[in-house]
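Novice:
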Amino acid sequence: MLTRSPDKKLLFILAALLAAGISCRPKERWHSFTLLFFDTVCDIQVFCPSEKLPATRDAISRAFASCDERFSPGSQPLSDPLVLELYQKALQVNQASAGSFDITVGPLLDLWGFSSRAYRIPLPEEVKAVVTLVGMGKINLKENTLVLPPGVKLDWGGIAKGWGVDLAAQAAFSLGITHGFINAGGDLYCWGRNPDHQNWRVGIKNPREPGYLGVISVTDSGVATSGDYQRYFERNGRRYHHLFDPKTGYPAQGKRSVTVVGPETALCDALSTALFVGSSPEAIIRNYPAYGAILVDDRGNVVAIGKPFPFNRLDRP
Amino acid sequence: MDRRDFLRTLLATAAVTPTLLEARSLRSSSALYLISDTPEDVLASVLAEIGSYTQQAGRFFAFLTPHPKAKEINKALSALGWKLDKTASRPGMVLSFQPLGLPSLPSFTLIRNGRVHDIRTQRLWQAWKRMTASGAFSSCLTIASLEQPRRSRVPGKAVSVYADGKRLASLPLARDVVNSFHTRAGRVVVGIEAGRARVISSSCQHQVCLASPPIFLARERIVCAPRHFLLEVEGPRLVDTVTG
Numbered sequence: 001m002l003t004r005s006p007d008k009k010l011l012f013i014l015a016a017l018l019a020a021g022i023s024c025r026p027k028e029r030w031h032s033f034t035l036l037f038f039d040t041v042c043d044i045q046v047f048c049p050s051e052k053l054p055a056t057r058d059a060i061s062r063a064f065a066s067c068d069e070r071f072s073p074g075s076q077p078l079s080d081p082l083v084l085e086l087y088q089k090a091l092q093v094n095q096a097s098a099g100s101f102d103i104t105v106g107p108l109l110d111l112w113g114f115s116s117r118a119y120r121i122p123l124p125e126e127v128k129a130v131v132t133l134v135g136m137g138k139i140n141l142k143e144n145t146l147v148l149p150p151g152v153k154l155d156w157g158g159i160a161k162g163w164g165v166d167l168a169a170q171a172a173f174s175l176g177i178t179h180g181f182i183n184a185g186g187d188l189y190c191w192g193r194n195p196d197h198q199n200w201r202v203g204i205k206n207p208r209e210p211g212y213l214g215v216i217s218v219t220d221s222g223v224a225t226s227g228d229y230q231r232y233f234e235r236n237g238r239r240y241h242h243l244f245d246p247k248t249g250y251p252a253q254g255k256r257s258v259t260v261v262g263p264e265t266a267l268c269d270a271l272s273t274a275l276f277v278g279s280s281p282e283a284i285i286r287n288y289p290a291y292g293a294i295l296v297d298d299r300g301n302v303v304a305i306g307k308p309f310p311f312n313r314l315d316r317p
Numbered sequence: 001m002d003r004r005d006f007l008r009t010l011l012a013t014a015a016v017t018p019t020l021l022e023a024r025s026l027r028s029s030s031a032l033y034l035i036s037d038t039p040e041d042v043l044a045s046v047l048a049e050i051g052s053y054t055q056q057a058g059r060f061f062a063f064l065t066p067h068p069k070a071k072e073i074n075k076a077l078s079a080l081g082w083k084l085d086k087t088a089s090r091p092g093m094v095l096s097f098q099p100l101g102l103p104s105l106p107s108f109t110l111i112r113n114g115r116v117h118d119i120r121t122q123r124l125w126q127a128w129k130r131m132t133a134s135g136a137f138s139s140c141l142t143i144a145s146l147e148q149p150r151r152s153r154v155p156g157k158a159v160s161v162y163a164d165g166k167r168l169a170s171l172p173l174a175r176d177v178v179n180s181f182h183t184r185a186g187r188v189v190v191g192i193e194a195g196r197a198r199v200i201s202s203s204c205q206h207q208v209c210l211a212s213p214p215i216f217l218a219r220e221r222i223v224c225a226p227r228h229f230l231l232e233v234e235g236p237r238l239v240d241t242v243t244g
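So the sequence lines, in the order shown, correspond to chains A and B.
Residue 147 in this note's numbering sits at position 147 of the first sequence; the count goes up by one each step and never skips.
Residue 225 in this note's numbering sits at position 225 of the second sequence; the count goes up by one each step and never skips.
#1: Quick one: which residues of the stretch 224–257 of chain A get their C-beta closer than 7 Å to a C-beta of chain B? List them in chain order.
#2: Give, in chain order, every residue of the stretch 199–220 of chain A whose Cβ lies closer than 7 Å to some Cβ of chain B.
#3: Just reading off the beta strand (DSSP E) that asparagine 183 of chain A is part of, what are its end residues?
#4: Can you check whether the C-beta of alanine 225 of chain B is within less than 8 Å of a C-beta belonging to chain A?
#5: Under 8 Å by Cβ, that's how I've got leucine 102 of chain B and isoleucine 35 of chain B pegged, so tell me the actual separation to the nearest angstrom.
#6: Assuming tyrosine 212 of chain A and valine 239 of chain B form a contact by the criterion Cβ under 8 Å, report the distance between their Cβ atoms to the nearest whole angstrom.
#7: In the DSSP output, what is threonine 145 of chain A paired with across the bridge?
#8: Tell me, to the nearest whole angstrom, how far the beta carbon of leucine 84 of chain A is from that of asparagine 140 of chain A; I am working on the premise that it is less than 8 Å.
#9: What residues match up with glycine 203 of chain A in a beta bridge as DSSP calls it?
#10: Tell me, to the nearest whole angstrom, how far the beta carbon of valine 190 of chain B is from that of leucine 230 of chain B; I am working on the premise that it is less than 8 Å.
#11: Can asparagine 199 of chain A and threonine 241 of chain B be called in contact, C-beta distance under 8 Å?
#12: Helix, strand or coil: which one does DSSP assign to proline 226 of chain B?
#13: Please give me, in chain order, every unbroken run of the beta strand (DSSP E) with length at least 3 that falls completely inside the stretch 249–289 of chain A.
#14: Of the residues A:Asp43, A:Phe37, A:Ile44, A:Lys138, which one's Cα is nearest the Cα of phenylalanine 71 of chain A?
#15: Is the shortest distance between the beta-carbon of arginine 117 of chain A and the beta-carbons of chain B less than 8 Å?
#16: Who are the Cβ neighbours of threonine 259 of chain A in its own chain at under 6 Å, not counting the five residues just before and after it?
#17: Which whole-angstrom value is the C-beta distance of threonine 402 of chain A and glycine 185 of chain A, which I expect to be below 8 Å?
#18: Given this structure, state the Cα-to-Cα distance separating alanine 283 of chain A from glutamate 40 of chain B, to the nearest angstrom.
#19: Can you tell me the Cα-Cα spacing of proline 246 of chain A and alanine 252 of chain A, whole angstroms?
#20: Are at least three pairs of beta-carbons, each pair with one atom in the stretch 171–185 of chain B and one in the stretch 218–229 of chain B, less than 8 Å apart?
#21: Using a Cβ cut-off of 8 Å, pull out every chain A residue sitting near glycine 195 of chain B, in sequence order please.
#22: Give me whichever residues DSSP pairs with lysine 100 of chain A in a beta bridge.
#23: Do threonine 132 of chain B and threonine 119 of chain B come within 8 Å of each other at the CB atom, strictly closer than that value?
#24: Which residue marks the beginning of the alpha helix (DSSP H) containing tryptophan 125 of chain B, and which one marks its end?
#25: For glutamate 72 of chain B, tell me which candidate among B:Val42, B:Arg59, B:Met93, B:Phe60 has the shortest Cα-Cα distance.
#26: Could you work out which residues of chain B lie near aspartate 269 of chain A, taking near to mean beta carbons separated by less than 7 Å?
#27: On the premise that phenylalanine 311 of chain A lies in contact with glycine 176 of chain A, defined as a C-beta separation below 8 Å, what is that separation, rounded to the nearest angstrom?
#28: Out of curiosity, what's the CA-to-CA distance linking lysine 89 of chain A and aspartate 155 of chain A?
#29: When the Cα of alanine 98 of chain A is compared with those of A:Gly306, A:Gly262, A:Asp297, A:Val277, which residue comes out closest?
#30: Rank A:Thr265, A:Pro26, A:Asn206, A:Ala129 by C-alpha distance to the C-alpha of valine 105 of chain A and give the top, closest one.
#31: Which residues, in chain order, does the stretch 60–81 of chain B contribute to contact with chain A at a C-beta distance below 7 Å?
#32: Would you mind sorting lysine 161 of chain A into buried or exposed? The rule is 16 or more other CB atoms within 10 Å of its CB.
#33: Under 7 Å between beta-carbons, which chain B residues line up against asparagine 183 of chain A? List them in chain order, please.
#34: Along the stretch 26–37 of chain A, where does the CB come closer than 8 Å to a CB of chain B? Name the residues.
#35: Can the beta-carbon of alanine 344 of chain A be found closer than 8 Å to that of isoleucine 159 of chain A?
#36: If you measure beta-carbon to beta-carbon, which residues of the stretch 162–189 of chain A are closer than 7 Å to chain B?
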């Protein structure tokens, strides 16, 4: 009669326990859902057991809501710890970009009608007067409170959505979600592998035509794009968009879109604006060696700067 | 029909056919315009005759918009060695259909790099005479765009309607329809016409959804954020998600 040796018996027991453990583990599968925050559609795709989906959805919703409450126009608690944290990030980008990124452009958005959608072209003297209210140097931080002089107004539109995505991604990580993406109106973070077990394929919108400019292949990265086609109005055949040069008070010229890829979506968001507005984007991105960008200039030329990442052009044969 | 009539037909076609603009926007430098209720009878022989213009297009063809004679055209072109590319992802000839607002005498012409080419060789002259023999007018315009750049999106077959985060319906793009949808925040009316979907009316304040152009390519969408409403064309994913 054959008897199992003690080692083989132990191995058998361990294997049986392992098999039981595996069969008891909830089955993970891909889930997609949409949320509405920041006045836009937020797309989320995560890989997790179905039982975990409600908690995941709630955690992401809470993260978005916390940003939406604090940074939407008209509701900006200036002593809130999250607000102060984002202010520091914004200040850092403002300094690294020599002022090209600036959260005090609120009065310019009001002047040109972007806040109310009553678009208008202001007189040069109106622009000159409002530009005196713009500049992050005017903000004071006193006893953990942001102090704004009269007339100075904050607009967090260039960084808050990206920050919301980062917070939402952290909430997903804390629940043990190992693969997924969170996309809030084009500002996104992706991690792990896509359903095809590849890096995530992120399409960059063509700034002038339907379809994509190209596809980037990334993971464990934030991505954000600023473009002159996102919010604009036209007068006499000329386009006026929402990405203002804080120094002149007029929409920045020379580019159609900028897409930034890097570890934090909030910084991608802010840098996409800074690189769009700034006259020396290469100098700006040198301050962020972990970040790369795709720029489309006003003639449609496409240039990659900063840290390289896989990018496949699609808009030409 | 002499050359003046030919151009007159073409100009009349241009005046009533917005698809010309679309063909231009596709940056195709050659396009064949064919007015006929039976394009399958003529298309294959015209393409064979203008062979040098079609060489760059390769041997794949795709339908940009639903075509009432798709089946017949597919059969006729397949006989010539063309292959239908259902995903429209390869460079090749792209066919689109546009009903003419004003019926016209059957005809065909080639526009290459912005210039009109009379392609009625001896053989095609006979074909053209057969097309116009009955004197019957046609409302069917088929545009074959040649030298198509690589497509970054494919046309979809249906559009999904989402309200309050839930998928309510899937509407086929091939069927013209007007549907009203109620969300917790208000009403949105969607229309489908000539293979494209758009928002016809919404009770929202800024009406951004109404100003959005009609959608027909896979994954294109129209959003009415105040009404928690989303319209998205179904179709294969070339990408996982989009920025911009």
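Glycine residues also receive a C-beta, built at the ideal position from the N, C-alpha and C atoms.
Bear in mind that the values here come from a model prediction, so they are computed numbers and not experimental data.
Specialist: Judging by the given coordinates:
#1: Ala224, Thr225, Gly227, Ser257
#2: Trp200, Arg201, Val202, Gly203, Ile204, Lys205, Glu209, Pro210, Gly211, Tyr212, Val215
#3: 180–184
#4: yes
#5: About 11 Å separates the two Cβ atoms, so there is no contact after all.
#6: 7 Å
#7: A:Lys142
#8: Actually they are not in contact, since the Cβ atoms of leucine 84 of chain A and asparagine 140 of chain A sit about 13 Å apart, beyond 8 Å.
#9: A:Val215, B:Val242
#10: Not a contact, Cβ separation roughly 11 Å.
#11: no
#12: coil
#13: 255–262
#14: A:Phe37
#15: yes
#16: Ile204, Thr225, Ile294
#17: In this structure chain A extends from 1 to 317, so residue 402 of chain A is not present and cannot be described.
#18: 59 Å
#19: 9 Å
#20: yes
#21: Residues of chain A passing the Cβ test: none, with the nearest at roughly 14 Å.
#22: This sequence places serine at residue 100 of chain A; lysine is not what is there. Answer is none; serine 100 of chain A lacks a bridge partner.
#23: In the sequence on display, residue 119 of chain B carries isoleucine and not threonine. Taking 8 Å as the Cβ cut-off, isoleucine 119 of chain B and threonine 132 of chain B do not qualify as a contacting pair.
#24: 122–132
#25: B:Val42
#26: Chain B residues near aspartate 269 of chain A: none, gap ~11 Å exceeds 7 Å.
#27: In fact, because the Cβ distance is near 31 Å, the residues do not count as touching under 8 Å.
#28: 14 Å
#29: A:Val277
#30: A:Ala129
#31: none
#32: buried
#33: Thr241
#34: Phe33, Thr34, Leu35, Leu36
#35: Residue 344 of chain A is absent from the structure shown; chain A starts at 1 and stops at 317.
#36: Phe181, Asn183, Gly186, Leu188
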